[in-house]
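Read through the structure below, which is laid out as structure tokens, and then see the notes.
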Amino acid sequence: MSHPFPPPVATMEARVSERWPQGEFVYEPKWDGFRSLSWSPPEIRLDSRNRKPLLRYFPELRPALEQLPPGTVVDGEIVVVVDGTTDFDTLSQRIHPADSRVQMLAETAPAELVAFDLLAHRGEDLRSVPLAERREHLVELAAELDHPWHLTPQTGAEGMARAWFHDFESAGCDGIVAKRPELP
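So for the sequence shown, numbering that gives the first Met the number 0 puts the first residue at 0; every next one is plus one.
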């Protein structure tokens, strides 16, 4: 089964705000990593938000991409966890021209994937589907996936999101992303 749209595709980007939004939102932590689109077989890819191929720099993630059902595209973040926190400096070292260095870092500081959206599932294009429905599909998919996949937490409670902002900061949370669940 092929993907319902050809790679690469642009990612949706958040806007920075100093104030909490008003209205109905769901909230997720913003992780300190590299934004990525993970493409399943038959055309395994790992692309940056700028549509650049990243799999060469993260060879240890190929088996994770092979776990995805054919025709699936996951939007998420590549992170490296060191001593219980995401480490952007260590992650940044992965973008290196020498294959030997990339391989050494893949072994000593392996990357992990945090999933926060599902753009395609089993050949179906979900980009025009409301976020709440895509999230349901993503939760089901995440239950089938093994390490190094992680499902980002999500809440509709602003108080919980504010607590995450403070509690997760030491674990590598860069902020909080607010999303409208009824919108695609």
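Just so it is clear, CB atoms sit at the ideal spot from N, CA and C, and this is done for glycine as well.
Less than 7 Å between the beta carbons of residue i and residue j, yes or no?
| i | j | result |
| --- | --- | --- |
| residue 136 | residue 117 | yes |
| residue 39 | residue 45 | no |
| residue 30 | residue 76 | yes |
| residue 70 | residue 134 | no |
| residue 115 | residue 27 | yes |
| residue 154 | residue 162 | no |
| residue 119 | residue 3 | yes |
| residue 131 | residue 180 | yes |
| residue 10 | residue 48 | yes |
| residue 144 | residue 66 | yes |
| residue 24 | residue 177 | yes |
| residue 113 | residue 78 | yes |
| residue 127 | residue 58 | no |
For residue i, count the other beta carbons within 10 Å of its own beta carbon; 16 or more makes it buried, fewer makes it exposed. Which is it?
| i | result |
| --- | --- |
| residue 169 | exposed |
| residue 51 | exposed |
| residue 80 | buried |
| residue 32 | buried |
| residue 35 | buried |
| residue 158 | exposed |
| residue 55 | exposed |
| residue 63 | buried |
| residue 53 | buried |
| residue 73 | buried |
| residue 22 | exposed |
| residue 93 | buried |
Which of the three DSSP states, helix, strand or coil, is assigned to residue i?
| i | result |
| --- | --- |
| residue 119 | strand |
| residue 148 | strand |
| residue 105 | helix |
| residue 15 | coil |
| residue 84 | strand |
| residue 185 | No statement about residue 185 is possible, as the shown extent of the chain runs from 0 to 183 and does not include it. |
| residue 138 | helix |
| residue 130 | helix |
| residue 182 | coil |
| residue 154 | strand |
| residue 114 | strand |
Residue i: beta carbon under 6 Å from a heavy atom of the ligand SAM?
| i | result |
| --- | --- |
| residue 39 | Among the components modelled here there is no ligand, and therefore nothing to report on the ligand SAM. |
The segment 84 to 93 contacting the segment 101 to 118, beta-carbon criterion three pairs below 8 Å: yes
Runs of beta strand (DSSP E) lying entirely within the segment 20 to 58, each at least 3 residues, in chain order: 25 to 30, 33 to 38 and 44 to 47
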